[in-house]
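*Asks:* Just so you know, the working numbering puts 167 at position 167 of the sequence shown, and the rest follows in order with no gaps.
Ideal placement from N, C-alpha and C gives every residue a C-beta, glycine not left out.
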Amino acid sequence: MKTVITFLSISAAVLLTALLAGGCRETAGPGRRTVPFVERTISGRGRDWALVSGFNPSDSRGTIALVGSAERNRLLAGRFLTGDDFDNIDGRLVPDELPDFSGERIDIISDLANLPYESFLGGNEDSLRTVTVRNLLSALDTALSLGAFDNEKLERKEKSKVVIFTSPLSAEYGAFDIDTLVRTAGKSIPVIFPSRLIFGRQLDRNIPHLHVAVVTDSVTARSGAYQHVFDEMAAERGQLGCGCVAFPADSLSYAGDLLDGYRAAGGNMPLSAVVIDDPTVDINAVRDSFDWIMRVQSEANLGYRKLIADGFVVIDALRAVTDECYRILRGTNNFTHDIAYPHSKDFVTIRSTTGGGYNLVEQY
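See the structure below:
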């Protein structure tokens, strides 16, 4: 069995940095090693190992866990709680006036003890990789701490049957280690990294010289996380001559803004996709503005069209994640089938006051 990791400043200066980072690069060779924490977990075969090796992929009990910042978690949770894109009876892509995740519980796990993840960059990336793995184990666990003082985990919670890491930095630092751990255990654990999910779907299109732009928050755009994940995945597939750029949402209004910035920074290959990873951006307005460029004849639009590839798409990152989660649960028949509206619970990680480390506690 294999792991189900579905991976899922428009200023000239920032864009140039993104372009340089976005060119396909070599990935680590076959000798790449996981972090010591994973090695110890595999060799020690203790409680952490049991959480992974004992995972039952056919058990419909459990929650959908969202792990990352409170802001990103809540935005995605909102879509899980209210989204109605499918017919819940037959799975057709037709709304049926019932939330798609009826009967499910969404666990919002805000990693306050370790945020901001950008603080790990510049030499401490292995610690972030370890944090990502530990957070997976916390989601799979049924044990919960009563507070910062409780390292024995005396409280109880539901385990998670799907785990979604909402930070792009978790996709860059942690996906390999999680994959190593669960593959060694021979388990299929649904773990979704939104950026890997979306990039995988685009790379599956086998478009020569695929180029993708992501509209996100300014901090994530500067981190290079999207570009690095894209490069890694493209190189693993042997798809060369491709690239990914990231734009801060606060500098984007319409398609023309994005294309102007892309061109000003030296971008000359047509874009095949734009990913909207910021809810402040009106995705329908972006789609309409690209449609307008393709429909209306003008000198400016003719220039813009040279930067839009055939089959161009605008992707809603939140929708891509909920669609994938729906597909997974329907494919494994792991919906709870409870007759109830979806609901959520809040959890946070906090620094332990005894022995170091951090604990997961429920937030009331």
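#1: Just how far apart, CA to CA, sit N359 and V219?
#2: Tell me where the alpha helix (DSSP H) around P194 begins and ends.
#3: Can you tell me whether G62 is helix, strand or coil according to DSSP?
#4: According to DSSP, simplified to helix, strand and coil, what is L210?
#5: Report the rounded CA-to-CA distance for L76 versus D85, giving the unit in angstroms.
#6: Leaving out five residues on either side along the sequence, give the residues of the same chain with a beta carbon under 7 Å from the beta carbon of T41.
#7: Considering just the uninterrupted stretch of the beta strand (DSSP E) at I178, what are its terminal residues?
#8: Across which residues does DSSP place C242 in a beta bridge pair?
#9: What residue does the beta strand (DSSP E) around V35 start on, and which one ends it?
#10: From L8 to S344, what distance separates their C-alpha atoms?
#11: Could you check the C-alpha separation between G83 and R74 for me, to the nearest Å?
#12: Considering only their Cβ atoms, is the gap separating F193 from F230 smaller than 9 Å?
#13: When you compare the CB positions of T63 and E158, do they come within less than 9 Å of one another, or not?
#14: My understanding is that F199 touches A221, with C-beta atoms under 8 Å, so please give their C-beta distance in whole angstroms.
#15: Under a three-way DSSP split, which group does F73 fall into?
#16: Checking 9 Å against the spacing of the C-beta atoms, do T132 and S170 come in under that value?
#17: Does the region 93 to 112 come close enough to the region 335 to 344 to have 3 or more Cβ pairs within less than 8 Å?
#18: What are the residues that DSSP puts in a beta bridge with V286?
#19: How about Q239 and N206: are their beta carbons less than 9 Å apart?
#20: Going by other Cβ atoms of all chains shown within 10 Å of its Cβ, with 16 needed for buried, is T300 buried or exposed?
#21: Please state the DSSP three-state secondary structure of E158.
*Replies:* With the given structure in hand:
#1: 26 Å
#2: P194 to L203
#3: coil
#4: coil
#5: 15 Å
#6: D48, W49 and L181
#7: Segment A175 to A185 is the alpha helix (DSSP H) holding I178; no beta strand (DSSP E) there.
#8: Looking at the DSSP assignment, C242 forms no beta bridge with any residue, so it has no partner.
#9: Per DSSP, V35 belongs to no beta strand (DSSP E) and is neither H nor E.
#10: Unreliable placement is indicated for L8, whose pLDDT of 40 sits below 50; no coordinate value is reported for it.
#11: 14 Å
#12: no
#13: yes
#14: So it is not a contact: roughly 16 Å between Cβ atoms.
#15: Here residue 73 is Asn; the residue named in the question, Phe, does not match the sequence. N73: helix per DSSP, three-state reduction.
#16: yes
#17: yes
#18: BP columns for V286 are empty, so no partner.
#19: yes
#20: Here the sequence assigns Ala to residue 300, which means Thr is not the residue at that position. Its Cβ having fewer than 16 others within 10 Å, A300 is exposed.
#21: coil
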